[in-house]
Amino acid sequence: MPKEFKRDRLVQVPGTALLPERDVERSPILECRHLGIDFGGLRALDDLDITIGRTEIAGLIGPNGAGKTTVFNLLTKVYNPTRGSVLLDGMDTAGKTTAQVNQMGIARTFQNIRLFHNQSVIDNVLIGLHNEMSYGMFASILRLPSFWRAERIARGRAMELLSIFGLEVHADELAGSLPYGAQRRLEIVRALATNPALLLLDEPAAGMNPSETVELMENIVKIRDTFQIAILLIEHDMNLVMGICEGIAVLNFGKVIAKGSPEDIRANPAVIEAYLGRKGAAQT
Amino acid sequence: MKLNNTKRKNLLTYAVVTVCYAVFQMLSLGGNLSSTLKGMLVPICAYVVMAISLNLTVGVLGELSLGHAGFMSVGAFMGVTAAISLQNVIVSAPLRLAIALIVGAVFAGIVGFLVGIPVLRLNGDYLAIVTLAFGEIIKSVFNNLYLGLDSRGFRLSLLEDRTNLHEDGRLIIAGPMGIGGIEKIASFTAGFVLILICLAVIFHLVNSRHGRAIMAIRDNRIAAESVGLPVTRYKMMAFVTSAAMAGAAGALFALNYSTVVANKFDFNTSILVLVFVVFGGLGNMLGSIIAAATLTILPEALRGFSNYRMLIYAIVLVLVMLASNNEQLRSMLSRIIPKRKEHTHDA
Amino acid sequence: MSFLNYLISGISLGSIYAIIALGYTMVYGIAKMLNFAHGDVIMVGAYVCFFAAAKYNLPPAIGILAAVLVCTTLGIVIEKLAYKPLRQATSLAVLITAIGVSYFLQNAALLLWSSSPKVFPNFFAQQTVNEAGKKIKITGFQLFGGQLRISYVTLVTIAACLVIMAALLLFINHTKLGKAMRACSEDKGAAQLMGINVDATISLTFAIGSGLAAVAGVLLCSAYPTLVPTTGSMPGIKAFTAAVFGGIGSIPGALLGGLLLGVIEIMAKAYISTQMSDAVVFLVLIVVLLVKPAGLLGKKVREKV
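Line by line, the protein sequences give chains E, H and L. Residues -16 to 267 (this note's numbering) make up the first sequence, in order. Residues 656 to 1002 (this note's numbering) make up the second sequence, in order. Residues 24 to 328 (this note's numbering) make up the third sequence, in order.
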């Protein structure tokens, strides 16, 4: 039974960008302009232009090997782009490190889960809250009052964040001992802890069953509504993408082949071709 | 609960150190300690500090260092230089010792920072080989360093003695001869206090946002960067802290002997300390302390076997590594000693 | 002209480092471990050759052969007893074990052969009689009216290094066993699935590396004839540095790294300072690794995110 989520209509704004209706008045949170990267001689990604609104839930889809995760790696500076630029809230991320980009407001999860497996669930979130605390090295060595105060507040905040996904009961277990689905959710909590303006989710529903996926969809919308942030997700589960995304970009062989609302994408012949191959054409 | 387990383990570590100190101090005062063992108390303390400080780099930060003795060397030479320079200024020996340890720690920390700039940009085995290289460079420098003190202040020269000291002056560091005529002001009590301070610094650092960041970087660097942790800064924090502690240990060690030479702090010493850390368990401070103390005493205890003792030591080393990594033995042990279940209820 | 002299002795020393570095780099390539006991295998090789030649008066060729045989066996035995059980263990555990083996070899040598230095015979000298009718040994020849002196040991060392390098490259690139070695170093699991005997291949690698160590030991002690149980330590560390310098895991890298290290060391001794030459060598290593973090010919692997 697919649940209906409230989604805004996409509106064309000057400069050929599409934004959800409610975000039109405000400048977009993310703008990629002609973004591209080469690996050796291979053009892994070319001429990517995407714009994401302040509170938009956007999707990035495409066949395996299309370059979706590469986009995330470029946005978070794991790779440096060969061409083009990334503007976060109007500020260029050129020359920034992964950590600096996170502090500017981009947080992410990973396709192959990258938790701190040997640390407790709450410690994983506290690591995400690192930059929310400000006490120095001497405060921690000498256990000054500022240390205790910051730690107490951070712990409270961590439990609050964990409760979004009902993970607070597992707070003291090792992150690596959680079931797969819970690990994916913990990664989202950890990313949220860094107080992002844009959250990147790399295949959040991978390995989840249909009912877990529906729950995840509800939670993604809830996160957007509660924190008023933008979310860009990579996903193969079309029910999820079509159910909650407002804008969708389709990537194939490192190029954007379609952009638009779920309805537009569903009807786009280029997308159908990319996913199903050329209709009836027995290529030689 | 995990946190309480950590806390309990930390308290146990303090307790073990304190009890050991009390027992040996009483034995020593009661005259029940052989003179060899008595002479080893301060070196044991120094090696314990070396082991826990290296454990901060290898166990907590997760980077292999093969040049830790280099920092010990810096601490030893600078600490002793400070102690000698202040001989006529500060009468109280314990105060002079404290200042020497601090000076040793500060200089080793500075060298740690300078070494860390290139070293921490590398990974894995490459990082290890560069720490080895720095250890050898530091040894070479002290083997060729001449430092004198006269009414004009400190006079420094490299390769040959060109300090041209006035008659009132004293050549403190004499190249390959090192430093001689040191007043032995190091004491067991000072060693004990130093161990406690280092333990407190490590435990407090580890259980704070800084320690969590350091361990996050160790466990998954890319994830750590993605949540906004400045990797180099935290690697540096752990590395410099570790170097500074090694410096204090070096000063303590050197002030227990009448002479100190650079060759004492060579590659073999670095390896020796690394063996303590691996034997004691990565990240396990109590383990490091026990391993450092036992393995420092062991060669002395084996003195009866004279020539065979180092051979036995080598065989023990290999056998322990083989046994501790043997799957069958491990599963047997885990059946005998059931792992404590982690409770989720907050106490 | 003195520069040319230094250059030649640098290349000669570098050739020895290169032969030792080959052992490090091959073992690292296939077992991903730093075999710190490698330097001590050199020492064992030198002692075996010394006793064969000086004690039992066997011809040098037999002595060298005996050294190679003993060291090859020693390498296989060490691998089987100490390293093979640790295939799944952490690299740190393997490192400590290698150090344990190194201590063992040094102390066993100390007990067997004592710490008093042995003077290694020069195999590469000609016996002649001079004008005064006295027997003398000619250890080399002179060029440009005595300005350039080249000893036979130097020539033999450089030639041996080149021959070994060429043979090894042929073996690795053009034989079935060589292909198996390359496969194992890239992916042991996949190699096993393709029917390659991984254990045998690793043993073979240790055998070759240790055999080369024996040759290096003989050449080293022919050039620097003082033999003690710790003879292998420093050259071992230097050769390891050379392997990293050239890019550990790369065979041409070991040659390049070894030669450069030897030349830099001799030049530093000649023009900077004898006592500080080691420091200069290590400083150059650090600078190289900063510019090329995987060594001169090493490949950088990118972590998949």
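Virtual Cβ for every residue (Gly too), placed ideally from N, Cα, C. The model shown is predicted, which means the values in this text are computed figures rather than measured ones.
**Item:** Reduced DSSP category for Lys211 (chain L) - H, G, I as helix; E, B as strand; rest coil
**Value:** Your numbering for residue 211 (chain L) matches position 188 in the third sequence. In the structure shown, Lys211 (chain L) sits in a helix (DSSP, three-state: H, G or I).
**Closest residue to Leu937 (chain H) among L:Ser296, L:Ser114, L:Ile43 and L:Ala236 (Cα-Cα distance)** = Position 282 of the second sequence, counting from 1, holds the residue named residue 937 (chain H). Looking at the Cα atoms, L:Ser114 is the closest of the given residues.
**Prompt:** What's the C-alpha gap between Arg138 (chain E) and Ser129 (chain E)?
**Reply:** As a working note, residue 138 (chain E) is residue 155 in the first sequence. As a working note, residue 129 (chain E) is residue 146 in the first sequence. Cα to Cα, Arg138 (chain E) sits roughly 14 angstroms from Ser129 (chain E).
**Prompt:** Do Ala266 (chain L) and Ser795 (chain H) have their C-beta atoms closer together than 8 angstroms?
**Reply:** For this step, residue 266 (chain L) is matched to residue 243 along the third sequence. For this step, residue 795 (chain H) is matched to residue 140 along the second sequence. Judged by their CB atoms, Ala266 (chain L) and Ser795 (chain H) are not nearer to each other than the 8 angstroms cut-off.
**Message:** Cβ closer than 8 angstroms: which chain H residues qualify as neighbours of Asp106 (chain E)?
**Reply:** Counting from 1 along the first sequence, the entry for residue 106 (chain E) is found at position 123. Within chain H, the residues near Asp106 (chain E) are Arg867.
**Asked** Cβ atoms of Leu175 (chain E) and Leu215 (chain E): under 8 angstroms apart, would you say?
**Response** As a position in the first sequence, residue 215 (chain E) is number 232, starting the count at 1. As a position in the first sequence, residue 175 (chain E) is number 192, starting the count at 1. With contacts defined by Cβ atoms closer than 8 angstroms, Leu215 (chain E) and Leu175 (chain E) do not form a contacting pair.
**Item:** Beta-carbon separation (whole angstroms), Ala49 (chain E) vs Leu234 (chain E), contact threshold 8 angstroms
**Value:** Locating residue 49 (chain E) in the first sequence gives position 66, where the first residue counts as 1. Locating residue 234 (chain E) in the first sequence gives position 251, where the first residue counts as 1. Confirmed, about 4 angstroms.
**Message:** One question on the structure: do Ile124 (chain E) and Asn202 (chain E) come within less than 8 angstroms of each other, judged by their Cβ atoms?
**Reply:** Start at 1 with the first residue of the first sequence, and residue 124 (chain E) comes out as number 141. Start at 1 with the first residue of the first sequence, and residue 202 (chain E) comes out as number 219. No, the Cβ-Cβ distance between Ile124 (chain E) and Asn202 (chain E) is not below 8 angstroms.
**Prompt:** Do three or more CB pairs link the region 185 to 202 of chain L to the region 248 to 267 of chain L at distances below 8 angstroms?
**Reply:** no
**Message:** Taking the alpha carbon of Arg91 (chain E) as the reference point, which residue from E:Pro187, E:Trp131, E:Ile105 and E:Ser160 has its own alpha carbon closest?
**Reply:** Here residue 91 (chain E) refers to the residue found at position 108 when the first sequence is read from its first residue. Among E:Pro187, E:Trp131, E:Ile105 and E:Ser160, the Cα nearest to that of Arg91 (chain E) belongs to E:Pro187.
**Request:** Answer with buried or exposed for Thr668 (chain H), where buried requires no fewer than 16 other C-beta atoms within 10 angstroms of its C-beta.
**Result:** Position 13 of the second sequence holds residue 668 (chain H). Per the 10 Å Cβ criterion, buried.
**Request:** Report the three-state DSSP secondary structure of Glu256 (chain E) (helix, strand or coil).
**Result:** Here residue 256 (chain E) refers to the residue found at position 273 of the first sequence. Here DSSP, grouped into helix, strand and coil, assigns Glu256 (chain E) to helix.
**Prompt:** So what does DSSP say about Gly88 (chain E), is it helix, strand or coil?
**Reply:** Here residue 88 (chain E) refers to the residue found at position 105 of the first sequence. Secondary structure at Gly88 (chain E): coil, using DSSP grouped into helix, strand and coil.
**Prompt:** When you compare only the Cα positions, how much space is there between Leu144 (chain E) and Gly883 (chain H)?
**Reply:** Within the first sequence, numbered from 1, the residue matching residue 144 (chain E) stands at position 161. Within the second sequence, numbered from 1, the residue matching residue 883 (chain H) stands at position 228. Their backbone Cα atoms lie some 18 angstroms apart in a straight line.
**Asked** In chain H, which residues lie less than 8 angstroms from Leu109 (chain E) when you measure between Cβ atoms?
**Response** As a first step, residue 109 (chain E) must be located in the first sequence, where it is residue number 126. Annotation: Cβ neighbours of Leu109 (chain E) in chain H (cutoff 8 angstroms, chain order): Arg864 and Arg867.
**Request:** Drop a sphere of 10 angstroms on the beta-carbon of Val770 (chain H), count the other beta-carbons inside from all chains shown, and report buried for 16 or more, exposed for fewer.
**Result:** Residue 770 (chain H) sits at position 115 when you count from the first residue of the second sequence. Result: buried.
**Asked** What runs of the alpha helix (DSSP H), each 4 residues or longer, lie entirely inside the region 907 to 983 of chain H?
**Response** 922 to 935, 940 to 956 and 964 to 979
**Item:** Ordered list of alpha helix (DSSP H) runs contained in the region 243 to 327 of chain L, each at least 4 residues
**Value:** 256 to 269, 274 to 290 and 300 to 314
**Prompt:** What first and last residue would you give for the alpha helix (DSSP H) that runs through Arg173 (chain E)?
**Reply:** Here residue 173 (chain E) refers to the residue found at position 190 of the first sequence. Element bounds for Arg173 (chain E): Tyr163 to Ala176.
**Item:** 7 angstroms Cβ shell around Asn58 (chain L) - same chain, five flanking residues per side excluded
**Value:** As a working note, residue 58 (chain L) is residue 35 in the third sequence. Residues Tyr47, Val50 and Ala121 of the same chain have their beta carbon placed closer than 7 angstroms to that of Asn58 (chain L), with the five preceding and five following residues left out of the count.
**Request:** Taking Ile231 (chain E) and Pro245 (chain E) to be in contact with their CB atoms under 8 angstroms, please state how far apart those CB atoms are, rounded to whole angstroms.
**Result:** Reading the first sequence from its first residue, position 248 is the one you call residue 231 (chain E). Reading the first sequence from its first residue, position 262 is the one you call residue 245 (chain E). The Cβ separation is near 6 angstroms, so the contact holds.
**Prompt:** Would you say Tyr781 (chain H) faces chain L, with C-beta separation under 8 angstroms as the test?
**Reply:** The sequence position of residue 781 (chain H) within the second sequence is 126, counting from 1. Closer than 8 angstroms: yes.
**Message:** Does chain H have any CB closer than 8 angstroms to the CB of Val50 (chain L)?
**Reply:** As a working note, residue 50 (chain L) is residue 27 in the third sequence. For Val50 (chain L), the answer is no, since every Cβ of chain H falls outside 8 angstroms of its Cβ.
**Prompt:** Taking 8 angstroms as the CB-CB cut-off, is Pro954 (chain H) touching chain L?
**Reply:** Here residue 954 (chain H) refers to the residue found at position 299 when the second sequence is read from its first residue. Cβ-Cβ to chain L under 8 angstroms: no for Pro954 (chain H).
**Asked** Under 8 angstroms between the Cβ atoms of Val886 (chain H) and Phe934 (chain H)?
**Response** Translated into the one-based positions of the second sequence, residue 886 (chain H) becomes position 231. Translated into the one-based positions of the second sequence, residue 934 (chain H) becomes position 279. No, the pair does not count as a contact, with Cβ atoms beyond the cut-off.
**Request:** Could you tell me which of H:Leu941, H:Ile828 and H:His723 sits nearest to Ala737 (chain H), measuring between CA atoms?
**Result:** Residue 737 (chain H) sits at position 82 when you count from the first residue of the second sequence. Per the Cα distances, H:Ile828.
**Prompt:** In terms of alpha-carbon separation, which member of E:Ala122, E:Ser68, E:Gly67 and E:Asp106 lies closest to His859 (chain H)?
**Reply:** Along the second sequence, read from residue 1 onward, the residue named residue 859 (chain H) stands at position 204. Cα-wise, what sits closest to His859 (chain H) is E:Ala122.
**Request:** Pull up the CB-CB distance for Gly240 (chain L) and Ala112 (chain L), whole angstroms please, since I reckon it's below 8 angstroms.
**Result:** Taking the third sequence and counting its residues from 1, the one referred to as residue 240 (chain L) is at position 217. Taking the third sequence and counting its residues from 1, the one referred to as residue 112 (chain L) is at position 89. Contact flag wrong, Cβ pair sits at about 29 angstroms.
**Request:** Using the DSSP secondary-structure output, state which residues sit across from Pro3 (chain E) in a beta bridge.
**Result:** Here residue 3 (chain E) refers to the residue found at position 20 of the first sequence. Pro3 (chain E) is bridged by DSSP to E:Leu(-7).
**Prompt:** DSSP three-state call for Gly722 (chain H): helix, strand or coil?
**Reply:** Working through the second sequence from its first residue, we reach residue 722 (chain H) at position 67. Correct three-state label for Gly722 (chain H): coil.
**Message:** Below 7 angstroms on C-beta distance, what does Met965 (chain H) contact in chain L?
**Reply:** Translated into positions along the second sequence, residue 965 (chain H) becomes position 310. Listed along the chain, the chain L residues whose CB falls inside 7 angstroms of the CB of Met965 (chain H) are Tyr126 and Asn130.
**Item:** Residues that Lys103 (chain L) bridges to, as DSSP identifies them
**Value:** In the third sequence, residue 103 (chain L) corresponds to position 80, counting from 1. Note: Lys103 (chain L) sits in no beta bridge, so no partner.
**Item:** Where Met870 (chain H) meets chain E, residues with beta-carbon distance less than 9 angstroms
**Value:** Taking the first residue of the second sequence as 1, we reach residue 870 (chain H) at position 215. What Met870 (chain H) touches in chain E: Phe99, Asn101, Gln102, Asp106 and Ile110.
**Message:** Which residue marks the beginning of the beta strand (DSSP E) containing Ser68 (chain E), and which one marks its end?
**Reply:** In the first sequence, the residue the question calls residue 68 (chain E) occupies position 85. Element bounds for Ser68 (chain E): Arg66 to Leu71.
**Complete runs of the alpha helix (DSSP H) confined to the region 182 to 254 of chain E [at least 4 residues]** = 193 to 210, 221 to 227 and 245 to 250
**Message:** Less than 8 angstroms between C-beta atoms, sequence neighbours within five positions excluded: which residues of the same chain meet that for Met74 (chain E)?
**Reply:** By one-based count along the first sequence, residue 74 (chain E) stands at place 91. Met87.
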